[in-house]
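The structure appears right after this line, and notes come after that.
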């Protein structure tokens, strides 16, 4: 599989595709098995009447409705599409939008200037945040107009934000990516050689 | 009167002659496409032929090109759509493998007249066994793999390998102990990666170590999965860990279950578990996307000790902010070796470090060469396709 990445020949790519196809075949069987385990989990919850066990009926109802509508008529069925667009998508969007509030609470904790490092983080964050909104450049222009460099550094807020993202931020990210890449190579070799078997359950 | 008519006739003929001459001369100025060549497309599986020709100036009068390919009868027929005037390459992917093809490039002028190039030589497409554009990657792979294999080989003699302290992994016992003392469960989240994802595999190795300790301490370990195959592998893995510790009776299959494969539904489900069950320790190890902060902040809000680890560099700031300990990038992959202390695994970490040294030296060497105006190393690395 590794060598197929370096060989564009049809025979090599054929082997690669064949192996991928076999891997794909496993997924539907595993999905059926997983659905059974999901049902078992909720049946157990109802039987034991654990906390909020009533919600498990909603799981059964959801699965039943989507199966009844989806399997005979396919995913293009208007009812199926309506359920997807008006039930699942809004719920996903709701969860996603919660992120804004979580970011605010996390930022409040992270940006408290308790020491030098946290203060640097705070200053950097303020520059990047201001650089992302038009008011940032407005503030910068007002401030810089009071200095002799008014014409030299227009839109400085956006410029500084971009500089931070393109230089220190990108350098750190690339450092992490290089470390991750070497880690993946190392782990892959350990698995191929059978040195690492712990993900299979036994040994180390 | 007759004289005037004759003059008028001569003038009219002269104008017509001049107009025709100018029009003809403009037509004849459109030269046929030059340097037309057809070649087997490099680094492909032999399914295409690339035709190239010289670009022309904007005022050449050419508005586009059509490509003609020879037929079995020996004639040429147009293939594909008309190309823009600024195009100078066409990749014919509709060829018959093993058969020779010749091409003509037809230039189309503003007056919709056409000028044909000379016929190219016949070309047969063949598949390449090695992608020459990836030679840099291949060399890098050989060097890095060699460094890691060499280090593993050398570490067979149980040479002591120093590994710097990783606080996130040191805290694993602390987190499990805390959960045991508080009589609460441990929640282990493997992220959204599939079973073939390196981060998921790394996460499973940590889970194996965690499961051994929870088996010892009889602490409940809950693992909600979002991938069906991961679920099955994890069940077998945790079961084997409990068996290894001689506690098969403590293993509960119900605690490792499939939640959903939908990203935010999974986040909602795990958040719900956190708020209902209030686990004392939460492990967020694997591949995460936008749900990372939703999970980590909820875990933070219930006061659980959180140990995170991911190779998704975009999510690292969120996890570092919201979690007590975070394994950054490569630390996640070093976890198995770090926790097991097995010499050959530790040796592979040394190989990784040699790889890093090599990359560092290449960067320094490249910067030095650039400063003195030599850029072959930059060009060599930029050519990776």
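Chains as they are written, first to last, in the working numbering: chain A, 38 to 241; chain B, 2 to 386.
Here a beta-carbon is modelled for each residue, glycine too, at the ideal position from N, C-alpha and C.
Reference residue i, options the options, closest by Cα
i	options	result
residue 129 (chain A)	B:336, B:269, B:302, B:213	B:269
residue 149 (chain B)	A:224, A:175, A:51	A:224
residue 341 (chain B)	B:210, B:143, B:264	B:210
residue 280 (chain B)	B:248, B:239, B:186	B:186
residue 199 (chain A)	A:181, A:213, A:173, A:185	A:173
residue 285 (chain B)	B:176, B:364, B:344, B:382	B:176
residue 55 (chain B)	B:124, B:46, B:65, B:189	B:65
residue 360 (chain B)	B:172, B:142, B:254	B:142
residue 215 (chain B)	B:248, B:32, B:379	B:248
residue 41 (chain B)	B:127, B:309, B:6, B:34	B:127
residue 67 (chain A)	B:258, B:337, B:323	B:258
residue 1 (chain B)	B:117, B:49, B:58	The structure shown does not extend to residue 1 (chain B), since chain B is modelled only from 2 through 386, so no value can be given for it.
residue 170 (chain B)	B:8, B:7, B:325, B:357	B:325
Contact list for residue i against chain B, beta-carbon separation under 8 Å
i	result
residue 74 (chain A)	232, 258, 259
residue 63 (chain A)	230
residue 133 (chain A)	265, 291
residue 81 (chain A)	255
Beta-carbon neighbours of residue i, restricted to chain A and to distances below 7 Å
i	result
residue 46 (chain B)	45, 46, 47, 50
residue 185 (chain B)	The contacting residues do not exist; residue 185 (chain B) stays about 14 Å from chain A at best.
residue 312 (chain B)	217
residue 70 (chain B)	None at all; the shortest Cβ gap to chain A is about 21 Å.
residue 352 (chain B)	223
Close beta carbons around residue i, own chain, < 7 Å, minus the five adjacent residues each side
i	result
residue 289 (chain B)	192, 193, 311, 313, 316
residue 57 (chain A)	none
residue 52 (chain A)	41
Coarse secondary structure for residue i, derived from DSSP in three states
i	result
residue 233 (chain A)	coil
residue 40 (chain B)	strand
residue 125 (chain B)	strand
residue 205 (chain A)	helix
residue 241 (chain A)	In this prediction, residue 241 (chain A) scores a pLDDT of 49, lower than 50, which makes its location untrustworthy; the coordinate-derived value is nonetheless stated afterwards. Coil.
residue 186 (chain B)	coil
residue 26 (chain B)	Note on residue 26 (chain B): pLDDT 48, under 50, position unreliable in the model; no value is reported.
residue 1 (chain B)	This structure does not reach residue 1 (chain B), given that chain B is present from 2 up to 386, and the question cannot be answered.
residue 372 (chain B)	helix
residue 6 (chain B)	helix
residue 161 (chain A)	helix
residue 122 (chain A)	helix
residue 223 (chain A)	helix
residue 135 (chain B)	helix
residue 304 (chain B)	coil
Listed by chain order, chain A residues near residue i by CB distance under 8 Å
i	result
residue 181 (chain B)	Those do not exist, as residue 181 (chain B) stays about 22 Å from chain A at its closest Cβ, beyond 8 Å.
residue 383 (chain B)	Near residue 383 (chain B) there are no residues of chain A at all, since even the closest Cβ is about 15 Å away, more than 8 Å.
residue 263 (chain B)	125, 129
residue 346 (chain B)	227, 232, 233, 241
Own chain, CB closer than 8 Å to residue i, minus 5 neighbours either side, in chain order
i	result
residue 28 (chain B)	Unreliable placement is indicated for residue 28 (chain B), whose pLDDT of 48 sits below 50; no coordinate value is reported for it.
residue 260 (chain B)	225, 226, 227, 266, 267, 270, 271
residue 82 (chain A)	90, 93
residue 162 (chain B)	156, 344, 347, 348, 350, 351
residue 68 (chain B)	52, 79, 80, 81, 84, 91, 93, 104, 105, 106, 107
residue 276 (chain B)	299, 303
residue 199 (chain B)	312, 334
residue 61 (chain A)	none
residue 118 (chain A)	112
residue 50 (chain A)	41, 44
Residues near residue i by beta carbon distance below 6 Å, same chain, minus five either side
i	result
residue 294 (chain B)	319
residue 167 (chain A)	173, 194
residue 90 (chain B)	53
residue 48 (chain A)	none
residue 116 (chain A)	106
residue 10 (chain B)	none
Cross-chain neighbours of residue i in chain B, by beta carbon under 7 Å
i	result
residue 78 (chain A)	255, 258
residue 68 (chain A)	229
residue 71 (chain A)	229, 232, 259
residue 88 (chain A)	277
residue 136 (chain A)	291, 294, 295
Contacts that residue i makes with chain A (C-beta to C-beta distance below 9 Å)
i	result
residue 300 (chain B)	Within chain A, no residue comes near residue 300 (chain B); the closest Cβ sits about 11 Å away, beyond 9 Å.
residue 150 (chain B)	226, 230
residue 176 (chain B)	Within 9 Å Cβ-Cβ: nothing; residue 176 (chain B) doesn't reach chain A, min ~19 Å.
Discussion item. Against chain B, which members of the region 139-171 of chain A pass a CB distance test of less than 7 Å?
Written reply: 139, 140, 142, 143, 146, 147
Discussion item. Taking beta-carbon pairs under 8 Å, can you tell me which members of the region 199-227 of chain A lie near chain B?
Written reply: 210, 213, 214, 215, 216, 217, 219, 220, 221, 222, 223, 224, 225, 226, 227
Practice prompt. Could you name the residues of the region 120-148 of chain B whose beta carbon sits closer than 7 Å to any beta carbon of chain A, in the order they occur along the chain?
Written response: For the region 120-148 of chain B, which is checked against every Cβ of chain A, the residues closer than 7 Å are 128, 129, 130, 131, 132, 135, 139, 145, 146.
Discussion item. Using a Cβ-Cβ cutoff of 9 Å, what residues of the region 318-334 of chain B are near chain A? List them in chain order.
Written reply: 318, 319, 321, 322, 323, 329, 330, 331, 332, 333, 334
Item to complete: Anything in the region 356-379 of chain B with a Cβ closer than 8 Å to a Cβ of chain A? List those residues in chain order, please.
Response: 356, 357, 360
Discussion item. Under 8 Å, CB to CB, which of the residues in the region 195-227 of chain B have a partner in chain A?
Written reply: Residues passing the 8 Å Cβ filter: 197, 199, 202, 203, 205, 206, 209, 210, 226.
Fill in: Contact set between the region 282-309 of chain B and chain A, restricted to residues whose Cβ is under 7 Å from the partner
291, 294, 295, 298
Worksheet item: Name the residues in the region 80-107 of chain B whose C-beta lies less than 7 Å from a C-beta of chain A; which are they?
Response: For the region 80-107 of chain B, the beta-carbon criterion of a distance under 7 Å to any beta-carbon of chain A is satisfied by none of its residues.
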